[in-house]
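Everything on this sheet refers to the single structure shown next.
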Amino acid sequence: MSTTTTDNDVFEPSPAESAMAAAPVQSSVDWNKVARFGGILALALVFISLSGMPVGLDKRTILYWINPGVYVNNPDGVGLTLGYLSLLIWPILLGWAVGNEVVLEGMQATKRGFSDLLAGFGVGALGGLGVFALTFLMGLDREMDPDSGALVYGVRDPLVNWNENLYVLLTFNRGWGFALWVWPLLAGVLALIGAGLRLLPDGIRKAVLAAVTAIVSVSIFQFLIDDVIEGVGETINDPGRLSNFFGDPDDGRPRVDSVFDGLIEFVYAQTGGLRLQGMILIGVVAAALSLAGSYVTRGRFKASRKAYFDKPLAQRTMSTSVLMFVTALALIILPFFTGKIANELFANVGIFLLLALGLNIVVGLAGILDLGYVAFFAVGGYTTAVLTSAGRGDEWPSWVPLFVTDDGEAVVGGWLIALVFVVIFAAITGLLIGAPVIRMRGDYLAIVTLGFGEIIRLLFLSDWLSGYFGGAQGITNIESADFGPLGTVSGINPRSVFYLVLFFSAIAIYVSWRLERSRLGRAWMAIREDESVAEAMGINTVNMKLMAFVVGAVLASFSGAIFSAKVGSIFPTSFLILVSIIILVVVIVGGMGNIMGVIVGSLVLIGVLGGPKQPGLLQEFSEYKLLIYGALLIWMMLKRPEGLVPNARRSRELHQDEFLQDAWLKGEVDTGDDGDVAVEVAPA
Amino acid sequence: MTAAVKVKGARRTGVDWFLLFLRVLLIGLIAIGLLAFIAQQIDPNNWFARLTHDGEAASRLSWPQFRGLIVTGLSQGAMYGLIALGYSMVYGVLGFINFAHGEVFMVGAFTGFIMSNKFDEAGWWDGPIFIPVILITILVSTLVATATAVIMERVAYRPLRGSPRLIPLITSIGVSFFIQNAVILLFGPGAKGYPPNPDWLEETIPVVGIEVKKLLVIVVAAISMAGLWYFVERTKTGKAMRAVAEDKEIASLMGIDVNKTIVTTFAVGGAMAGIAGILWGILFKSVIATTGFLPGIKAFTAAVVGGVGNLGGAMAGGVSLGSAEALAPLMLLEPLGVEGPSQLRDAVVFTLLILVLLVKPTGLFGERLSSEDRA
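Written as structure tokens, this is what we have:
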């Protein structure tokens, strides 16, 4: 890249070039930059404080042993809480960011040194001053109510979080005078640490980051890890559990002492959060693994991975199938080791993964920004509901089938037959919505599809059709999906939902994977890259785009059908535009046009933060997750539009200029302006 | 636009036939609905009305009801028009839909809520100095909304100049999401009520039967619109804006500071949205964090109806959209026998958007886009 940053410098200057360059410039503090970053940090900290995040997340302990001296909402948790972490992480990040420097190709990076630390400290101190200013203002505003003796605030009126809890949390219950010195110092030191990370050698830095990430994730995912480890332990004690295939995961699961109980007690504190010893253990293990990765194997692992991917596709089949088999096996046995809540979580992730895979075909492959994607989800859900619920509207004529027996039980295989209708209706809806918008400009298309999404929801909601779809009351009593001897899938048993979702996700992944490499997929990608050129190449763009709509719609409708059977009742409020946008965020953050990216995106976002209504692992975040989704979307678009796991081709499209420039610098392309292909100028 | 231009004599495909059918269907439904409406105004018990109303007679719309609908439509339409100006100008200059423009409007309405309540606590809102107080409120709301729009441009959109078309659009969805939820977290999720208006605002002008506040909304909107028209058509900065909309590169060669002009565009659009926000507050007396979403989309529809990039068109589009939204449920859907037609008000707006894009994608008054966007 022509404008790479120091932390991912890919282009090694040749010895000749290095010799040409002057001695490295010693860096000096750019005070303007420090002031700018400090200001941003201060604003960010004040905003986060007032958003209620620190107080709201204070209930969750991350590290048990650090004692900040306050127990605002957390009387027995003595430690670093997620609330404090939501503030303290920013000085570190911005301290790191302030040292970021754009190094032009062929230039040399400035030498890192003491001035970086100084700049980092400056940024943090300014940010800390921002927090102090907030506490000072709150302190001025705070007064004793003469009647009740409680502390009241004048500005409380518009700002809901301008209250005593926040004041106590920010001042560590010692008044704003304490905040005056402690916040600049604390934030300054943290930012200094962030800046200091740049001074470390690459391998050590990686190890430190790995340790920190491991510690934070192990404590955040405490619930899941706890669940899995106990499950594994119990299975070792009692292997007979595995025979209970479709049974309730919590059935016959007495909390026997498992072999891992000691480990869990060693690592986690009883009130939640890591113990000091657990933190050290996990940090050391992670750092050691990371160091082993960078020093002991010396990139051998990476090289073999690269060699594997360099092989032609045909020769990879063996290893690929082994890999896939192992993954599938792991996924199939996983629910046996986890409890109900974890399985519920997996089921939710799966439902959104299906949606995201469908949207990935529409947005990622064909480049059609469909903001009304939730409409297909709704069609799938409502079709299933109408066909399998005795509680559907009473205006349906009798020839519309109802797969419920007379005594109100689900018909065996009824859900599968309903699914056939779901697919048909979803495909028709895809055509109906697709056809009018297919020739519109990309941005008009986005708004019009959004309009369609709303129209469909409003129709389901309306009194006009309430005889069919129940209006605001929705459709309740949807039967579970009965597969006869294979078992019944219902919301009561999340493990069964997980398997159903897994099955359909596998189909969706396979279909997306095959489509991407098919004629159709290549046509979609050509359309995405340049519609006019694609048309000139003989691609029937209209039909191809309609196909994208239909395939996407069918995948979403699968998800809707499963959702319907799982939840047992559906309402128009489950199909807000919000859902479309969250799926879009999942696809974009994961990596548009990349199946792996979409999987990672749904795991990370839906699994950790949660879906529009479904809680994720961080249940405390449910209030803030939409804000985080919005911020993530902006940040990804600005910094990494190709997503976390980029699709190589897509990312080349997005960074076309940089790729060309790089290639030109390395002499790989002839752009025609190096003399021998002079641009012809007509004589005057 | 690859869509609108269809080569003469080209073979019609299935999609073309379907679109033709859709156009005929929608226009036919509108025509039948209107005819049925006229018929049931003349005779509520005609055969078509009985057919669509399960054998019962339809109800006739009285003149005061009709007048009320028109005034409501006009005052809402005026606000849509004001918001639509921002969409239209930004689309004209940058060529992307600023999805978050509705949030600028919401921020204006929210600022108005805070200001008006503080004034109300001081006892100024309902007092004799209402006029200067509301002028100050409008001024502050406008300033805050302008600042929001400018910050938005600086933080989210400027780094994306020259990236693929959909990237800024997706970013603006993120911005919209972010602002909405930031407001929810900072100020709470509930509906925020404006203080009651002074009595004279709630009165109805005797002869014409228009509520004073609705008249106020229309007048303020008209004044702002006139001011904007003067600014864009008669000042140097406005000329620069038009030049940048026409062709950015050539404009910069002519010595125009393109960045500054784009910021001005956002600022002016934000100001209009801010004014619309406070007017919304006075009219409906309540605002929540999601207030901006639907009016935003509708205003975009208004901009498309009037022709994107065309300021007069945006205003006309807003007014016609507002009227259609107010009138269509009772004039089209009710005669066709749809129950609870006002629930489908928003659906009417979206259908109108689809219809306009199908029948006349350049809008009623034609688009004014830069040459590169016409593709």
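Residue numbers (the numbering used here), protein chains in the order written: chain A, 1417 to 2100; chain F, 253 to 627.
Glycine residues also receive a C-beta, built at the ideal position from the N, C-alpha and C atoms.
According to DSSP, simplified to helix, strand and coil, what is residue i?
i, result
"residue 455 of chain F", "coil"
"residue 1810 of chain A", "coil"
"residue 525 of chain F", "helix"
"residue 1569 of chain A", "strand"
"residue 1896 of chain A", "coil"
"residue 1479 of chain A", "strand"
"residue 539 of chain F", "strand"
"residue 1497 of chain A", "strand"
"residue 1878 of chain A", "coil"
"residue 1721 of chain A", "helix"
"residue 1445 of chain A", "coil"
"residue 1891 of chain A", "strand"
"residue 1953 of chain A", "coil"
From this set, the options, which residue's C-alpha is nearest residue i's C-alpha?
i, options, result
"residue 371 of chain F", "F:362, F:357, F:360, F:386", "F:386"
"residue 428 of chain F", "F:265, F:278, F:301, F:405", "F:405"
"residue 339 of chain F", "F:581, F:603, F:564, F:598", "F:564"
"residue 1632 of chain A", "A:1594, A:2007, A:1683", "A:1683"
"residue 1908 of chain A", "A:1918, A:1941, A:1966, A:1983", "A:1983"
"residue 692 of chain F", "F:457, F:297, F:520", "Absent from the structure is residue 692 of chain F, since the part of chain F shown begins at 253 and ends at 627."
"residue 540 of chain F", "F:363, F:508, F:598, F:452", "F:363"
"residue 1648 of chain A", "A:1569, A:1755, A:1622", "A:1755"
"residue 1500 of chain A", "A:1720, A:1477, A:1622", "A:1477"
"residue 1991 of chain A", "A:1739, A:1796, A:1752, A:1634", "A:1796"
Whole angstroms is fine: what's the gap from residue i's alpha carbon to residue j's?
i, j, result
"residue 380 of chain F", "residue 369 of chain F", "16 angstroms"
"residue 2000 of chain A", "residue 2063 of chain A", "16 angstroms"
"residue 1923 of chain A", "residue 1610 of chain A", "44 angstroms"
"residue 1889 of chain A", "residue 1815 of chain A", "24 angstroms"
"residue 310 of chain F", "residue 1929 of chain A", "57 angstroms"
"residue 1472 of chain A", "residue 1575 of chain A", "15 angstroms"
"residue 1696 of chain A", "residue 1451 of chain A", "36 angstroms"
"residue 1761 of chain A", "residue 1912 of chain A", "13 angstroms"
"residue 623 of chain F", "residue 341 of chain F", "Below a pLDDT of 50, predicted positions are generally treated as unreliable, and residue 623 of chain F, at 42, falls in that range; the measurement from the model is reported next regardless. Using only the alpha carbons, I get a separation of about 15 angstroms."
"residue 2057 of chain A", "residue 2024 of chain A", "21 angstroms"
"residue 1527 of chain A", "residue 2009 of chain A", "39 angstroms"
"residue 505 of chain F", "residue 498 of chain F", "13 angstroms"
"residue 1493 of chain A", "residue 2049 of chain A", "At residue 1493 of chain A the pLDDT is 46, less than 50, meaning the model places this residue with poor confidence; the figure from the coordinates comes in the next sentence. The straight-line gap from Cα to Cα measures roughly 34 angstroms."
"residue 382 of chain F", "residue 391 of chain F", "14 angstroms"
"residue 614 of chain F", "residue 1776 of chain A", "30 angstroms"
"residue 337 of chain F", "residue 1709 of chain A", "57 angstroms"
"residue 334 of chain F", "residue 2014 of chain A", "40 angstroms"
"residue 1742 of chain A", "residue 1919 of chain A", "16 angstroms"
Mark residue i as exposed unless 16 or more other C-beta atoms lie within 10 angstroms of its C-beta, in which case mark it buried.
i, result
"residue 1870 of chain A", "buried"
"residue 558 of chain F", "buried"
"residue 394 of chain F", "buried"
"residue 377 of chain F", "buried"
"residue 1554 of chain A", "buried"
"residue 1764 of chain A", "buried"
"residue 1590 of chain A", "exposed"
"residue 1693 of chain A", "exposed"
"residue 277 of chain F", "exposed"
"residue 1722 of chain A", "exposed"
"residue 272 of chain F", "exposed"
Is the region 532-548 of chain F close to the region 576-594 of chain F, with three or more CB pairs under 8 angstroms?
Taking 8 angstroms as the limit for Cβ pairs, the verdict is that the region 576-594 of chain F does not touch the region 532-548 of chain F.
* Asked: Is there contact here, the region 440-454 of chain F with the region 2055-2071 of chain A, by at least three beta-carbon pairs under 8 angstroms?
  -> Put simply, the region 440-454 of chain F does not touch the region 2055-2071 of chain A. Fewer than three CB pairs are less than 8 angstroms apart.
Is the region 2038-2047 of chain A in contact with the region 1766-1783 of chain A, if contact means three or more CB pairs nearer than 8 angstroms?
Fewer than three pairs of CB atoms, one per stretch, sit closer than 8 angstroms, so the region 2038-2047 of chain A makes no contact with the region 1766-1783 of chain A.
**Report entry** At least 3 beta-carbon pairs within less than 8 angstroms: the region 1892-1908 of chain A vs the region 1946-1963 of chain A
**Finding:** Flag = no, the region 1892-1908 of chain A and the region 1946-1963 of chain A do not touch.
Practice task
Specify whether the region 462-480 of chain F and the region 315-328 of chain F touch according to this definition: at least 3 beta carbon pairs, one from each stretch, less than 8 angstroms apart.
Solution key: Here the region 462-480 of chain F makes contact with the region 315-328 of chain F; the two share three or more CB pairs at distances below 8 angstroms.
**Item:** Meets three-Cβ-pair contact criterion under 8 angstroms: the region 1778-1791 of chain A and the region 1865-1883 of chain A
**Value:** Cβ pair count under 8 angstroms is three or more, so yes.
Contact between the region 1452-1460 of chain A and the region 1543-1563 of chain A (3+ Cβ pairs under 8 angstroms): Yes, the region 1452-1460 of chain A is in contact with the region 1543-1563 of chain A.
Any 3 or more C-beta pairs closer than 8 angstroms across the region 1611-1630 of chain A and the region 1571-1588 of chain A: No, because fewer than three Cβ pairs between the region 1611-1630 of chain A and the region 1571-1588 of chain A fall closer than 8 angstroms, the two stretches do not touch.
### Message
Tell me whether the region 1599-1610 of chain A and the region 1502-1516 of chain A touch, counting them as touching only if at least three CB pairs, one residue from each stretch, are closer than 8 angstroms.
### Response
Because the criterion of three Cβ pairs below 8 angstroms is met, the region 1599-1610 of chain A and the region 1502-1516 of chain A touch.
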